[in-house]
Ligand SMILES: Cc1ncc(COP(=O)(O)O)c(C=O)c1O
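Chains as they are written, first to last, in the numbering used here: chain A, 1 to 147; chain B, 1 to 403.
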């Protein structure tokens with residue numbers, strides 16, 4: 001059944017135990033966004049050291065897909081430069097077949113090789129109304145980097 | 001089982017087997033309505049009140065016959081029925097057409113915390129423009145209006161009491177006749193958002209005691225694009241037209257215009273003509289079943305659903321727990337599972353429900369939830385739809401490890 005494809009264990013784990021939760025004191029970059037249709041909310045704070053993300057905090061509320069996706073993202077971008085993050089955003093968007101995406105480079109024989117846990121979100125593509133849930137955290141991240 | 005007829009064969013869309021539990025947002029249409037509109041468009045269509053030719057006369061007759069049908073359905077007079085684009089337009093016409101004219105700084109508008117945004121936001125806008133203040137009747141823990149608080153808030157500065165006839169999020173049916181009686185004693189006008197009430201329960205406007213009533217055709221088996229503003233004649237006479245244009249004037253000079261008689265002065269522009277014919281057919285259909293039967297059927301399904309839902313681990317029901325003064329709308333949440341996830345999982349089980357704030361964000365804050373999943377019943381629903389919902393919810397509980 002497709003539901004198990006959507007609600008993979010790793011997604012539910014990130015939903016129940018979201019990583020990097022909270023706010024930062026004196027963030028260097030910050031943004032928040034919401035999905036007006038369903039009310040999902042994400043707030044992201046970032047700090048950098050030597051041009052790399054040294055700290056990230058995510059706050060929000062909403063469905064499992066939006067919150068798990070943001071949690072996975074927060075793990076994936078730690079220690080990465082702005083350029084590396086832009087590349088990751090583009091590959092994530094590619095995986096979701098969203099505008100501005102690039103080839104996610106997913107190797108079916110080595111799941112997780114390119115996007116890590118986030119490859120579990122591939123199942124969301126079969127549920128078009130939920131793609132925007134998965135994308136919310138990433139859109140907010142993009143806003144934060146431009147802030 | 002009740003003796004309610006199985007009407008599913010009248011609704012072509014249900015042939016897909018969908019368990020449609022979102023009639024609170026919009027109902028499906030029976031073939032009787034679809035065919036009436038089709039027949040009219042093929043044989044009798046023209047603009048109304050304009051051409052001196054047979055087709056236009058036929059179209060005008062059909063349009064005015066629809067108005068009479070609505071009036072009969074509500075126990076109202078023909079000229080008290082104004083056709084609008086829907087409940088939202090009706091409520092805005094009242095707020096702007098009546099409110100802007102009559103509200104002064106210091107006047108009070110009393111509404112409730114469980115209003116649909118359509119009966120809240122227009123009053124916020126009008127309050128800002130007139131200097132009137134807005135206050136809200138709270139709800140009790142089981143989702144009913146707190147009538148003691150209403151009486152405390154009601155004073156002679158209250159000029160309008162705007163209240164839902166039936167909550168689209170909780171199913172609560174406030175005691176409008178009682179509320180209207182108290183409001184009138186205090187000298188206030190009473191506006192009832194009947195978008196959920198009229199489709200599901202017999203309404204006699206004289207018994208209801210309101211001054212204005214608003215509802216939409218699309219939630220009562222009719223088409224989108226048409227709704228009704230009913231006003232008692234003395235209340236309509238206090239209202240200014242909210243839109244100007246064709247059809248609503250008596251005479252126009254370069255600088256001035258005088259208004260056509262009521263109700264036409266409130267129907268600027270070409271009205272929804274085919275839709276009026278559809279609404280007429282929808283009311284015929286509802287009456288052929290009987291509104292008492294329909295309400296009893298909603299209540300039966302609600303009782304069954306309340307019972308079966310309370311057996312599902314982790315499910316919380318928001319709103320009244322019994323069927324007293326309550327319609328067929330049930331808002332639920334599940335511990336540890338977001339309403340959108342519930343809706344997706346139910347969709348996979350063929351069950352269509354709405355998840356979200358149901359255009360009642362203040363109420364969601366009041367309930368302390370971000371969103372609920374909402375089941376809403378209508379004439380074509382059966383206990384099978386409830387069973388499919390319960391199966392889907394149990395699956396959600398399994399996936400999310402609830403219970
Ligand atoms: C209680 C209530 N009021 C008003 C409305 C607005 O109706 P419409 O969108 O048809 O104008 C709705 C429907 O969404 C409703 O449920």
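No residue lacks a Cβ here, since even glycine has one placed at the ideal position from N, Cα and C.
Option nearest residue i by Cα separation, candidates the options
i, options, result
"residue 55 of chain B", "B:42, B:66 and B:218", "B:42"
"residue 60 of chain A", "A:75, A:69, A:40 and A:131", "A:40"
"residue 6 of chain A", "A:54, A:70, A:73 and A:128", "A:128"
"residue 130 of chain A", "A:35, A:27, A:77 and A:22", "A:35"
"residue 48 of chain B", "B:246, B:27 and B:33", "B:246"
"residue 326 of chain B", "B:12, B:340 and B:300", "B:300"
"residue 307 of chain B", "B:297, B:321, B:296 and B:295", "B:321"
"residue 376 of chain B", "B:364, B:400, B:304 and B:397", "B:304"
"residue 144 of chain A", "A:132, A:102, A:90 and A:28", "A:28"
"residue 324 of chain B", "B:341, B:313, B:339 and B:298", "B:298"
"residue 134 of chain A", "A:92, A:57 and A:100", "A:92"
"residue 268 of chain B", "B:249, B:296, B:256 and B:231", "B:249"
"residue 48 of chain A", "A:80, A:122 and A:95", "A:80"
"residue 18 of chain A", "A:123, A:103, A:87 and A:66", "A:66"
"residue 33 of chain B", "B:53, B:44, B:11 and B:51", "B:11"
"residue 38 of chain A", "B:103, B:372, B:204 and B:319", "B:372"
"residue 81 of chain B", "B:156, B:157 and B:64", "B:64"
"residue 272 of chain B", "B:200, B:110, B:198 and B:84", "B:84"
"residue 30 of chain A", "A:126, A:55, A:112 and A:9", "A:55"
Min CB distance residue i to chain B below 8 Å
i, result
"residue 93 of chain A", "no"
"residue 39 of chain A", "yes"
"residue 12 of chain A", "yes"
"residue 3 of chain A", "yes"
"residue 54 of chain A", "no"
"residue 61 of chain A", "yes"
"residue 97 of chain A", "no"
"residue 19 of chain A", "no"
"residue 64 of chain A", "yes"
"residue 130 of chain A", "yes"
For residue i: DSSP bridge partner residues
i, result
"residue 251 of chain B", "B:258"
"residue 60 of chain A", "A:42"
"residue 109 of chain B", "B:134 and B:160"
"residue 49 of chain A", "A:52"
"residue 34 of chain A", "A:41"
"residue 139 of chain B", "B:145"
"residue 264 of chain B", "Residue 264 of chain B pairs with nothing; no bridge assigned."
"residue 230 of chain B", "B:81 and B:213"
"residue 22 of chain B", "B:376"
Buried or exposed (CB count within 10 angstroms, at least 16 for buried), residue i
i, result
"residue 98 of chain B", "buried"
"residue 128 of chain B", "exposed"
"residue 237 of chain B", "exposed"
"residue 142 of chain A", "buried"
"residue 140 of chain A", "buried"
"residue 252 of chain B", "exposed"
"residue 118 of chain A", "buried"
"residue 233 of chain B", "exposed"
"residue 217 of chain B", "buried"
"residue 108 of chain B", "buried"
"residue 270 of chain B", "exposed"
"residue 53 of chain B", "exposed"
"residue 70 of chain A", "buried"
C-beta neighbour in chain A for residue i, strict 8 Å
i, result
"residue 399 of chain B", "yes"
"residue 16 of chain B", "no"
"residue 356 of chain B", "yes"
"residue 133 of chain B", "no"
"residue 388 of chain B", "no"
"residue 366 of chain B", "no"
"residue 371 of chain B", "yes"
"residue 344 of chain B", "yes"
"residue 348 of chain B", "yes"
"residue 335 of chain B", "no"
"residue 341 of chain B", "yes"
"residue 19 of chain B", "no"
"residue 102 of chain B", "no"
"residue 338 of chain B", "yes"
The stretch 178-185 of chain B contacting the stretch 201-213 of chain B, beta-carbon criterion three pairs below 8 Å: yes
Touch test, the stretch 116-134 of chain B against the stretch 59-77 of chain B, Cβ-Cβ under 8 Å, three pairs minimum: no
If you pair each beta-carbon of the stretch 142-153 of chain B with each one of the stretch 161-179 of chain B, do three or more pairs fall below 8 Å? yes
Three or more C-beta pairs below 8 Å linking the stretch 187-203 of chain B and the stretch 151-166 of chain B: yes
Inter-stretch contact (C-beta, 8 Å, three-pair minimum) for the stretch 130-142 of chain B and the stretch 81-95 of chain B: no
Three or more beta-carbon pairs under 8 Å between the stretch 11-21 of chain B and the stretch 385-392 of chain B, yes or no? yes
Under 8 Å, with one C-beta from each stretch per pair, do the stretch 331-339 of chain B and the stretch 285-295 of chain B reach the 3-pair mark? no
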